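Heads up: the structure comes next, in structure tokens.
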Amino acid sequence: SELFSLGLITLAGSLGLLFPPSLPLIIYGVTARVSIKDLFIGGLVPGIIIALVIAGYSIFQGYSQHVERQSFDIQNIIKELKNSFWEVIIPILILFGVFGGYTTLVETSASLVIYVLLIEVFVYKDLKFNDMPRIVLDCATLIGGVLIILGVAMGFTSYLVDAQIPMLLMDWVEQNISSKYVFLLLLNILLLAVGCLMDIFSAIIIIVPLITPLISLFPDIHPVHLAVIFIANLELGYLTPPVGMNLFLSAYRFEKDMPTVYKATLPFFLLSVLIVLAITYIPFISLGLLKLLQ
Numbered sequence: 134s135e136l137f138s139l140g141l142i143t144l145a146g147s148l149g150l151l152f153p154p155s156l157p158l159i160i161y162g163v164t165a166r167v168s169i170k171d172l173f174i175g176g177l178v179p180g181i182i183i184a185l186v187i188a189g190y191s192i193f194q195g196y197s198q199h200v201e202r203q204s205f206d207i208q209n210i211i212k213e214l215k216n217s218f219w220e221v222i223i224p225i226l227i228l229f230g231v232f233g234g235y236t237t238l239v240e241t242s243a244s245l246v247i248y249v250l251l252i253e254v255f256v257y258k259d260l261k262f263n264d265m266p267r268i269v270l271d272c273a274t275l276i277g278g279v280l281i282i283l284g285v286a287m288g289f290t291s292y293l294v295d296a297q298i299p300m301l302l303m304d305w306v307e308q309n310i311s312s313k314y315v316f317l318l319l320l321n322i323l324l325l326a327v328g329c330l331m332d333i334f335s336a337i338i339i340i341v342p343l344i345t346p347l348i349s350l351f352p353d354i355h356p357v358h359l360a361v362i363f364i365a366n367l368e369l370g371y372l373t374p375p376v377g378m379n380l381f382l383s384a385y386r387f388e389k390d391m392p393t394v395y396k397a398t399l400p401f402f403l404l405s406v407l408i409v410l411a412i413t414y415i416p417f418i419s420l421g422l423l424k425l426l427q
């Protein structure tokens, strides 16, 4: 149905936050001083599970609603892979460079900028070198806006630290919460609320310095596991009012009113909450691959 498709597309826009080279994971790693490479590895399996569960739910809905299907054609897949070869190779280059130890994240980013520029100019010929000043200006405007948001968020974080809010929060948790399971449940509730009210970048800059000291009270919680829980919850923030970015984008792009978009995304949101709870209480999902590679 149109409503189901609207909900699926709205959700799918945020599924990439746990996959390399996710910018939220990078910012989290810098803020919490956790290895970004470990975060990339830790986010892979949870990200794949979320995608597979959503895909399975979509297939189930297709069968139950008797949606018209087309036969599987390997030739079409090969054709589309050929057409998108230069794009498909990008994540492979990222994984090979970073996880293979050949390049750092900064070197990978710079290399990919050159790679994409060359492909666009000489292969697809969508760009000309004369377009570069305009492109640089557009990018600078976009990045400048993000940097302003991050700068204000970092200033607010410094104020919270000066006011000793992290220490007060740690004292409260130490006196009132003895179970890590209760702590994780309350953390999920807090992060869902934060995702409703703040964009993901501001949330990371402001909330991470408040939360990361608390895991010293619960040594069983691995820093990478905490990071995956954090990003997975904020991923849901894209689907929650009043500032859910994907909700506004879908309403604008598909010319639908907000209540319709809310209704369309609700089943996917509830399913995602269950997956996030599974990720929260089954650390192996986040840490299994990391421990295997180590």
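Going by my numbering, the sequence shown wraps up at 427, each residue one higher than the last.
We treat Cβ as the ideally placed atom computed from N, Cα and C, and that holds for glycine.
All of these numbers come straight from a predicted model, not from anything done at the bench.
When the options are compared against residue i, the one with the closest alpha-carbon
{"i": "residue 171", "options": "135, 228 and 182", "result": "228"}
{"i": "residue 282", "options": "336, 148, 220 and 210", "result": "336"}
{"i": "residue 317", "options": "334, 287, 326 and 362", "result": "362"}
{"i": "residue 181", "options": "204, 209, 208 and 145", "result": "145"}
{"i": "residue 245", "options": "278, 232, 231 and 223", "result": "223"}
{"i": "residue 351", "options": "378, 315 and 324", "result": "315"}
{"i": "residue 365", "options": "165, 156, 179 and 169", "result": "179"}
{"i": "residue 297", "options": "258, 346 and 278", "result": "346"}
{"i": "residue 353", "options": "248, 254, 293 and 416", "result": "416"}
{"i": "residue 348", "options": "142, 212, 303 and 414", "result": "303"}
{"i": "residue 372", "options": "387, 359 and 400", "result": "400"}
{"i": "residue 325", "options": "167, 310 and 368", "result": "368"}
Supposed close pair residue i, residue j - CB separation, criterion 8 Å
{"i": "residue 426", "j": "residue 183", "result": "21 Å between Cβ atoms; not a contact."}
{"i": "residue 357", "j": "residue 164", "result": "Residue 357 to residue 164, Cβ: 14 Å. No contact."}
{"i": "residue 408", "j": "residue 419", "result": "Not confirmed; about 12 Å, so no contact."}
{"i": "residue 383", "j": "residue 139", "result": "6 Å"}
Range covered by the alpha helix (DSSP H) that runs through residue i
{"i": "residue 202", "result": "That residue, residue 202, is in no alpha helix (DSSP H); it is neither H nor E in DSSP."}
{"i": "residue 246", "result": "238–251"}
{"i": "residue 297", "result": "No alpha helix (DSSP H) holds residue 297; DSSP gives it neither H nor E."}
{"i": "residue 234", "result": "Note, residue 234: premise wrong, no alpha helix (DSSP H); not H, not E."}
{"i": "residue 427", "result": "Here residue 427 belongs to no alpha helix (DSSP H), and DSSP marks it neither H nor E."}
{"i": "residue 328", "result": "313–330"}
{"i": "residue 344", "result": "333–344"}
{"i": "residue 171", "result": "169–197"}
{"i": "residue 163", "result": "156–165"}
Worksheet item: Curious, which full-length alpha helix (DSSP H) runs of at least 4 residues does the stretch 359–401 contain?
Response: List check, alpha helix (DSSP H) in window: 378–386.
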